[in-house]
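Report on one structure; see the data block that follows.
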């Protein structure tokens, strides 16, 4: 499952601001809280001179988060002199920051072991962070009677120095990146916390040579993946992309609501590239695919309006192919446009329908190649135009596509430890290269090879055009050429799709041109099946119809018809 990085803010703030649902409580227990104070005991910061001033009447009770509830801290160990942070020295290697402890900018959190940390969300951060080197100060407004405010001064580590050290270490060894420090794991996908050691992430035994580095990846936005795999070199495979340790981290996540612990990966998302290509993925491709859907609809309607096309299996097969292509384009468009707002169920449903439709396209193309070859080979066998034959074709084409899709959906539902599609968020499509080849590209490749055999044989038959124009009819010959052109278009576009897929979603001119070509597949089908079909008059008295050729008027006879004609001739004699 994946979410944009801003969802961490929602998750973390929900975790922090549970106080809105509960009354503020006081810590009445006898447990002492070790809370570092910037000023000495009974001192507070005055807004007038911003220095620690003696104030014996002030009560030092900052709000603190403990077990999901906000309370006013009590039983605090007194700081007689106050403390000075290491980062207040210029050469400490860290920098000093000040945070308001108002629950929005920063929050004190009491850990189960009795220690207190400051939790905050950095302006350019990915998840909430805990600050351990800090002190708390009380701020009193000398000009009003408002209750005191609480701030924290904290030392912030320079992550750039740590990342530089990690790159140096990984230049001589294969590394993987763990999100949280050693002994900690993610809690509710929003914060690294120390807890039960049985819930911590550990390196799998099959990767004994990998060196573990700690910390979040260096990026502005991230996606969360439940489905991922790790390679022996320390790279992460997620959503068909291979990522280096600089662009991901993995760790265990503890879901406190379901009381489950599972491994997930935080993967960098290049937001800048997405914004540069927003015109392409948000405007250009959807518009072109919408045009394709309109052309496919027009093709479907025109073929339905021609009685001879809708009543023969040659036309029925093409109508079914167009229908499958239409649903494939429609579900692809919906998937790309709405996947960010999908629920898990919607994601799986759209991916399943899209997968089944794409497979059905190629299975119907397989039926068309089979049908036209045997029609050309045995033109006298008219039973192949019957309804029963079309039902068999439909059972094969639709049934095969649905069966393959259901196998993948079932394995996904069972979470079987086999190759499966992983139709889950965020991309609502195949997780890796292997699953895509097993459930889609491999099947399509086999069908295309079979179709090539049928169409090569059909072309050889069509070369003997004079014979087949008389025996099989001029319209059938044209239908064969239409099928052949559709096969070429579909095959070429499938190859260009693989090329674009291997290049990746980059905003270069080659990928943009390929995506434009692929998005207009419905237009090519309309041109071949309608506009360039020689025997189809689209605007014939306001209604499309097939042109009648003289060759189509030549009677064709079965063997039984020929015998009857010979008997009639003998009787005349």
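Residue numbers (mature numbering (1 follows the signal peptide of the UniProt record, and there is no 0)): -21 to -1, 1 to 552.
Glycine is no exception: its CB is placed at the ideal position from the N, C-alpha and C atoms.
Among 406, 482 and 74, the one whose alpha carbon lies nearest that of residue 321:
406
What do you get for residue 411, buried or exposed, if any count of 16 or more other CB atoms within 10 angstroms of its CB means buried?
buried
Taking the alpha carbon of residue 12 as the point to measure from, which residue in 264, 90 and 197 has its own alpha carbon closest?
90
Determine the burial state of residue 356: buried for a count of at least 16 other Cβ atoms within 10 Å of its Cβ, exposed for fewer.
It is exposed - the Cβ of residue 356 has fewer than 16 other Cβ atoms within 10 Å.
Boundaries (first-last residue) of the beta strand (DSSP E) holding residue 391
Residue 391 -> not in any beta strand (DSSP E); alpha helix (DSSP H) instead, spanning 366 to 393.
Can you tell which of 238, 273, 314 and 328 has its C-alpha closest to the C-alpha of residue 301?
273
Here's the rule I'm using: 16 or more other beta-carbon atoms within 10 Å means buried, otherwise exposed. How should residue 469 be labelled?
With a threshold of 16 other beta carbon atoms within 10 Å, residue 469 meets it and is buried.
Taking residue 508 and residue 297 to be in contact with their CB atoms under 8 angstroms, please state how far apart those CB atoms are, rounded to whole angstroms.
6 angstroms
Contact under 7 angstroms by Cβ, residue 433 with residue 352
Judged by their CB atoms, residue 433 and residue 352 are nearer to each other than the 7 angstroms cut-off.
Which residue's Cα is closest to the Cα of residue 235: 269, 246, 169 and 185?
169
What whole-angstrom Cβ distance do residue 21 and residue 35 have, given they're in contact under 8 angstroms?
5 angstroms
For residue 376, count the other beta carbons within 10 Å of its own beta carbon; 16 or more makes it buried, fewer makes it exposed. Which is it?
buried
CA-CA distance, residue 220 and residue 123?
Going from the Cα of residue 220 to the Cα of residue 123 covers about 58 angstroms.
Mind checking residue 131: buried by the 16 CB within 10 Å criterion, or exposed?
Residue 131 sits buried, since 16 or more C-beta atoms from the chains shown fall within 10 Å of its C-beta.
Every unbroken beta strand (DSSP E) within the region 125 to 152, with a cutoff of 3 residues, ordered by chain:
128 to 136
Own chain partners of residue 479 with C-beta closer than 8 angstroms, once the 5 adjacent residues on each side are dropped
490, 493, 494 and 497
Go to residue 295, then tell me how far its alpha helix (DSSP H) extends in each direction, as first and last residue.
According to the DSSP assignment, residue 295 belongs to the alpha helix (DSSP H) that extends over 292 to 317.
Going by C-alpha to C-alpha distance, which of 116, 29 and 313 sits closest to residue 14?
116
Which listed residue (45, 98 and 77) has its alpha carbon closest to that of residue 92
45
Within 10 Å of its beta-carbon, does residue 310 have 16 or more other beta-carbons around it, so buried, or fewer, so exposed?
buried
Which one or two residues does DSSP pair with residue 234 in a beta bridge?
Bridge partners of residue 234: 239.
Helix, strand or coil for residue 83? Go by DSSP, reduced to three states.
Correct three-state label for residue 83: coil.
Given that a residue counts as buried once 16 or more other Cβ atoms are within 10 Å of its Cβ, and exposed if not, what is residue 166?
buried
Contact set for residue 160: own chain, Cβ-Cβ below 7 angstroms, skip 5 residues either direction:
Here the set comprises 171 and 193.
Does the structure place the region 16 to 31 close enough to the region 74 to 82 that three or more beta carbon pairs sit under 8 angstroms?
no
Count the other CB atoms within 10 Å of the CB of residue 196; is the residue buried (16 or more) or exposed (fewer)?
buried
What three-state label does DSSP hand residue 357 in the structure shown?
coil
Assess contact between the region 47 to 55 and the region 147 to 157, defined as three or more Cβ pairs (one per stretch) separated by less than 8 angstroms. Is contact present?
no
Cutoff 6 angstroms; reference residue 318; Cβ partners in own chain excluding five residues on either side
407
Within this structure, are the beta carbons of residue 347 and residue 304 separated by less than 7 angstroms?
No, they are not a contact pair.
Proximity of residue 206 and residue 164 at Cβ, strictly below 7 angstroms
The answer is no: Cβ separation not under 7 angstroms.
Close Cβ partners of residue 422 (< 8 angstroms) along its chain, the five nearest in sequence each way excluded:
Around residue 422: 338, 341 and 383.
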